[in-house]
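Novice: Everything in the sequence shown is counted per this note's numbering, starting at 78 for the first residue and increasing by one.
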Amino acid sequence: MINHFVPKNLKEALTILNKHDCYIMNGGTDLMVQKHVSTGLLPKFDKDVLYINNLKELDYIKKDEEGIHIGASTRYVEIENSPLIPNIYKRVIKEIASPNIRNMATISGNIANASPAGDTLVPLVLNDAEVVLTSANGERKMKVDEFVYGVRKIHREKNELISEIVLKPQELSYFYRKVGSRKAESITKVSFLGGVKIENKVIKDFRVSFGSVAIKTVRNREIENKYIGRNINELDINEVINDYAPLVTPITDQRSNKEYRHKVAMNLLKKFVMDIKEGGINE
Ligand SMILES: Cc1cc2nc3c(=O)[nH]c(=O)nc-3n(C[C@H](O)[C@H](O)[C@H](O)COP(=O)(O)OP(=O)(O)OC[C@H]3O[C@@H](n4cnc5c(N)ncnc54)[C@H](O)[C@@H]3O)c2cc1C
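#1: For GLY70 and VAL243, which I take to be in contact (beta-carbon distance under 8 Å), what is that distance rounded to the nearest angstrom?
#2: Give the single residue among GLY117, LYS354, ASP205, LYS124 whose Cα lies nearest to the Cα of ASP98.
#3: ILE280 and ILE305 look like a contact to me (Cβ under 8 Å); what is the Cβ gap, rounded to whole Å?
#4: Would you mind reading off the limits of the beta strand (DSSP E) that contains PHE283?
#5: Using the beta-carbon count (16 or more within 10 Å), is LYS230 buried or exposed?
#6: Less than 8 Å between the C-beta atoms of THR106 and GLY195, yes or no?
#7: Is there at least one non-hydrogen atom of ligand 1 closer than 7 Å to the beta-carbon of ASP125?
#8: Taking the alpha carbon of GLU292 as the point to measure from, which residue in VAL273, VAL325, LYS121 has its own alpha carbon closest?
#9: Jot down the residue ranges of each uninterrupted alpha helix (DSSP H) in the region 166–220, minimum 4 residues, whole runs only, in chain order.
#10: For GLN247 and PRO327, what's the separation of their Cα atoms in angstroms?
#11: Is the closest heavy atom of ligand 1 to the C-beta of SER185 under 7 Å?
#12: For LEU345, is the classification buried or exposed, using 16 other Cβ atoms within 10 angstroms of its Cβ as the cut-off for buried?
#13: So if DSSP puts LYS255 in a beta bridge, which residue, or which two residues, is it bridged to?
#14: Indicate whether the contact test is met: 3 or more Cβ pairs, each with one atom in the region 169–186 and one in the region 145–161, closer than 8 Å.
#15: Closest to ASN277 by CA distance: which of ASN297, SER268, ASN308, ARG298 is it?
#16: Are there 16 or more other CB atoms within 10 angstroms of the CB of VAL225, so buried, or fewer, so exposed?
#17: Which one or two residues does DSSP pair with ASN152 in a beta bridge?
#18: Between the alpha carbons of HIS339 and GLU216, how many angstroms are there, rounded?
#19: Whole beta strand (DSSP E) runs in the region 101–158 with 3 or more residues, listed along the chain?
#20: Can you tell me the Cα-Cα spacing of ILE170 and ASN95, whole angstroms?
#21: Looking at C-alpha atoms only, which residue of GLU262, ASP282, SER212 is the closest neighbour of LEU91?
#22: Closest to ASP205 by C-alpha separation, out of ASP222, PHE283, LYS354, would be which residue?
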C-alpha cells in the first residue's frame, strides 16, 4: 500500500522521512509528469509520497550577512516578486515555464530534479549557491554544484530534504541566454550564463556556466582563474573557445542535436567575450 503523508509541520515531515522511503512532492510540476500514466488516469506512485509544498516553515525569503535564504517550498512567483532577490535570478525564473507552473514550482524541486536542463542550476552554480539539507538528525550544507553530480543524481540521504537554498549575491555583470523552441513554456536546448567584473579594463572576476550541454551544469574554476587579472585587450576569443569546447559535451535528444547545441553554446560564449572586449556587458 502506498501512503500519502501531508505533515502539519517540518518536525512531523522529518519524522516521517526517518521512517519511510518517500518521494518528496513539492510543487509537483516535475514529479507528477514523471509519474503520469495516461490521459484520464491518476499518476502512479510506487512508494510513499510526502507533501511539503504546504509547509509554512519552509516558505520564506530573508537576507543576512551569509546570503539570501529561500525556504524550500517558496514558489517561483514569490521569488520573482521579492525585492531581496538579485535580478539575475528573476531574469532566469521569468523564462521558466508559464505563470501557472511558476505559481506551484520551486527552486528546491528544480535542484533535486537534477535535470541538465534545469534552468535555475545555471545561476546557482555560477554564483556558488548552497543547499541546506535537513533530517531528524540535524543539518548540513553543500554547494549546489557538488550536490548535483549527474542526471537525476543528487547527494541526498533518504531521510533528508532540502530545507533551504542560500544565494550568495555577487558583484557581477551578467550575460544570460536561454535557447528553446519558443519564447514561453519551452524546455532549454542550451543555456548560457557569463558573469564578469571589470575595473580599469582589468578582469577582476570571470565566470561561465552552461546548461543542457553535459550531464550537469558546466562550470570550470581553473579556466576562470586563467582569465582573472587579464586586461580585456589581451582576451583572445579563440583561446576562450578552445578552453571551453571540450567541456561542452551535449547529447542528441527529441529537443535538439548535439552538433547544434555545441555550436550555439560556443556562439554564446563568443558573444559574451566579444561584449567584454568591447567595453562590458550592459544587461
Ligand atoms: C509545462 C512545464 C514546463 C516546464 N518548464 C521548465 C523550464 O522552462 N525550465 C525548467 O528548469 N524546468 C521546467 N519545468 C520543470 C519544473 O517545473 C521545474 O523543474 C520546477 O522547478 C520543479 O519544482 P517542483 O517544486 O514542482 O518540484 P517537484 O515536482 O515537486 O519535485 C521535483 C523533484 O525534486 C524532489 N524534491 C522537490 N522538493 C524537494 C526538497 N525540498 N527536498 C528534496 N527533494 C525535493 C522531488 O522528490 C522530485 O524528485 C517545466 C515543467 C512543466 C510541467
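Backbone N, C-alpha and C define an ideal beta-carbon position, used for all residues, glycine too.
Specialist: Reading off the structure:
#1: A question about residue 70 goes unanswered here, because the residues of the chain that appear run from 78 up to 360.
#2: LYS124
#3: 6 Å
#4: Here the beta strand (DSSP E) through PHE283 covers 279–288.
#5: LYS230 is exposed by the Cβ-count criterion.
#6: no
#7: Closer than 7 Å to some heavy atom of ligand 1: that does not describe the Cβ of ASP125.
#8: Sequence check: residue 292 is Ile here, not Glu. Taking only the C-alpha atoms, the option nearest ILE292 is VAL325.
#9: 176–179, 184–190, 198–203
#10: Their backbone Cα atoms lie some 28 Å apart in a straight line.
#11: yes
#12: Per the 10 Å Cβ criterion, buried.
#13: Partner(s): SER268.
#14: Under the three-pair Cβ rule at 8 Å, the region 169–186 counts as touching the region 145–161.
#15: ASN308
#16: A buried status is given to VAL225, since no fewer than 16 other beta-carbon atoms sit within 10 Å of its beta-carbon.
#17: Here residue 152 turns out to be Arg, not Asn, going by the sequence shown. Beta-bridge pairing links ARG152 to THR183.
#18: 39 Å
#19: Taking only runs of at least 3 residues, the beta strand (DSSP E) segments lying wholly in the region 101–158 are 125–128, 138–141, 144–148.
#20: 32 Å
#21: The residue with the shortest Cα to Cα distance from LEU91 is SER212.
#22: ASP222
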